[in-house]
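Each residue of the sequence shown is one higher than the one before, counting from 0 in numbering that gives the first Met the number 0. C-beta atoms are modelled at their ideal positions from N, C-alpha and C, and glycine is treated no differently. Below: one structure, written as structure tokens.
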Amino acid sequence: MGGPSVGVRTLQALVLRLDTLQEMLQGESNRLDVAHASVQQSIRDVMLGLEESIQAVREQIRKTIDDDPDLKQRRGLLESIPGLGDKTIPKLLAYIGRPERFKSVKALIAYASLAPLIRQSGTSLNKHKGTHPQGNRALKSALYYPAMVAGKYNPLIAAFWQRLKAQNKPGKVIVEACMHKLLAIAYGVLKSGKPFNPHHLKPMGA
0 MGGPSVGVRT LQALVLRLDT LQEMLQGESN RLDVAHASVQ QSIRDVMLGL EESIQAVREQ
60 IRKTIDDDPD LKQRRGLLES IPGLGDKTIP KLLAYIGRPE RFKSVKALIA YASLAPLIRQ
120 SGTSLNKHKG THPQGNRALK SALYYPAMVA GKYNPLIAAF WQRLKAQNKP GKVIVEACMH
180 KLLAIAYGVL KSGKPFNPHH LKPMGA
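Structure follows, in structure tokens:
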């Protein structure tokens, strides 16, 4: 199968640029907190410019997806999953690309550097021998907050979260397990071409 489409490559570049701009904005915000009064206005001016650039890139991202039928269709599928919003979905579209390029959900989980299973006893995650040696950590980090949201509002993940909590799993372990589960759901929805339906998915055991 060929490489990423023009739309996906464009989206990848825009998502990377957005991350860079947001990091720059955070850096300036941190400087403002400790800056001498003589340079505070300069920092505010830079922050304003960065905020405008961030909005412009977000609009480019939206337009890139709107103008690409495949990306637009996949965005609609991901929007059906509770826990995924308009900040996370473009990242998933960029980092995953076509789901067919992963031979299985396990391959995608490995690519994202996420451990696929939780031990039946103990408090740590199993290590997966197939983990991508330089797994896409950006994909992994993009799932952190969505997994926490899904732990409240996505019926499958909320139930999974509570089962792990009842087993006294540490919070970090629970969140990473739910990140894995959320990515698996996203893969299933993209691969099947059908919107999320909790009644059509089997809960994943702890």
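Ranked by Cα distance from E58, the options E27, L13, D44 are led by L13.
In the DSSP assignment, D66 falls outside any alpha helix (DSSP H), carrying neither H nor E.
Between L107 and I95, the gap from beta carbon to beta carbon is short of 9 Å. Its chain contains L107, I108, A111, L113, L142 as the residues whose beta carbon lies nearer than 7 Å to that of L182, once the 5 sequence neighbours on both sides are disregarded; these appear in chain order.
Just measuring C-alpha positions, the residue of M23, D67, E27 sitting nearest I42 is E27. The criterion of a C-beta distance shorter than 9 Å is not satisfied by G2 and D69. When the alpha-carbon of I64 is set against those of I88, K164, W160, the nearest one is in I88. Burial of T9 is indicated by the presence of at least 16 other C-beta atoms within 10 angstroms of its C-beta.
Closest in alpha carbon position to N153, among C177, E22, S37, is C177. Taking all protein chains in view, the Cβ of A36 is surrounded by fewer than 16 other Cβ atoms within 10 Å, so the residue is classified as exposed.
Taken through DSSP and simplified to helix, strand or coil, F101 comes out as coil. Within the same chain, and ignoring the five residues on either side of Q21 in sequence, the residues whose Cβ sits closer than 7 Å to its Cβ are I53. D85: not part of any alpha helix (DSSP H); DSSP gives it neither H nor E. The Cβ neighbour count for D67, taken over all protein chains shown within 10 Å, is at least 16; the residue is labelled buried. The three-state secondary structure of H179, taken from DSSP, is helix. By a beta-carbon distance limit of 8 Å, S79 contacts F195. Their separation comes to about 4 Å. Around the beta carbon of A185, 16 or more other beta carbons sit within 10 angstroms, so the residue counts as buried.
Minimum Cα-Cα distance from G192 among the listed residues K171, A55, G170, P98 corresponds to P98. With a cutoff of 9 Å on beta-carbon distance, L92 and V188 are scored as not near each other.
In this structure, A149 and P81 form a Cβ contact; the two beta carbons are roughly 6 Å apart against a cut-off of 8 Å.
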